[in-house]
Amino acid sequence: MKVIILGCGTSTGVPRIGPDWGECDPNEPKNRRSRVSIVVENNDGKRLLVDTSTDLRHQLLANNIDKVDAVFWTHDHADHCHGIDDLRPMRYGRAAALPGFASTATMRSLKHRFSYVFSGQFGYPTIVEIDNLDRLRIHAGFGIDSVELPHGHTMSTAYRFDADGKSIGYATDFSEITNDLVDMFHGLDILVTDCLRREAHPTHANLTMALELSARCSARTTVLTHLDKSMDYATLSAETPDHVLVGYDGMELVA
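According to this note's numbering, numbering within the sequence shown proceeds without interruption in unit steps and concludes at 265.
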């Protein structure tokens, strides 16, 4: 099983419009970050997409991904869902809509904001058939588990995917490490975790929290994502232990 980091940037990306690179070296390609999404893939070539980031079209083209077998959403913030229309080409040639999954609150919000995606419109077919995560344990050859996490005043869904004897966990946009999260992520082969910046933040994990989560769940390899313009790739890489990697767009890791 492998994970592809489609995007690893914060909500405004790096650089911010300006361009504003902050402390990131503009001559380091790994500092150019689009908004966060990942794909997990098993040995049978089945793929699950997590979040439809604002930059989804570019990400799918850059990574030669022409189809996925299901879509999962962590929450309804713009940088995680506003690329939803880029799923339309993946509906072409399918006998049915793409399967999609989210928490009850996220599902309700997505259906309200993007009704045409989930119910069709003006003769166009439904793009995604969305269902509640509560009823999901297995899909497309993956074992799937999830837990809700505080994300400031709202909630975000963390996921664990198991296939081919390996495990990948994904937790982005969280502001508290819960015991349920640690239990779900215990013994992961690969952990991909929120790590906005070094300083504390009211709605995101900082570097200290990301490293704490990695240690508490005994992850074999940890990847830092949702990085802002203060997190220069080379500088941050020099600060982290060998098993903690700084994510970059297009990064692939095999569990």
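The C-beta atom is built at its ideal place from N, Cα and C for all residues, glycine as well.
L71 counts as exposed, since fewer than 16 other beta carbons sit within 10 angstroms of its beta carbon. Sequence-distant partners of P160 (beyond 5 residues in either direction) whose C-beta falls short of 7 Å from its own C-beta, in its chain, are F184, S185, E186. Bridge pairing for K12: E51, V264 [DSSP]. Bridge partners of I178 according to DSSP: F171, I200. When T250, E249, V233 are compared, the shortest CA-CA separation from L263 is found for V233. Separation of the CB atoms of R230 and H253 is rounded to 7 Å, and the pair is thereby assigned contact status at 8 Å. In this structure E158 does not touch T164 by the C-beta definition: roughly 10 Å separates them, more than the 8 Å allowed. Out of D79, R26, V50, the CA that lies nearest to the CA of K12 is found in V50. For the pair P25 and T64, the Cα-to-Cα distance works out to about 15 Å. Look at the beta carbons and you see the stretch 168-179 not touching the stretch 117-137: under three pairs across the two are nearer than 8 Å. Here I137 is buried: its Cβ has 16 or more other Cβ atoms, across all protein chains shown, within 10 Å.
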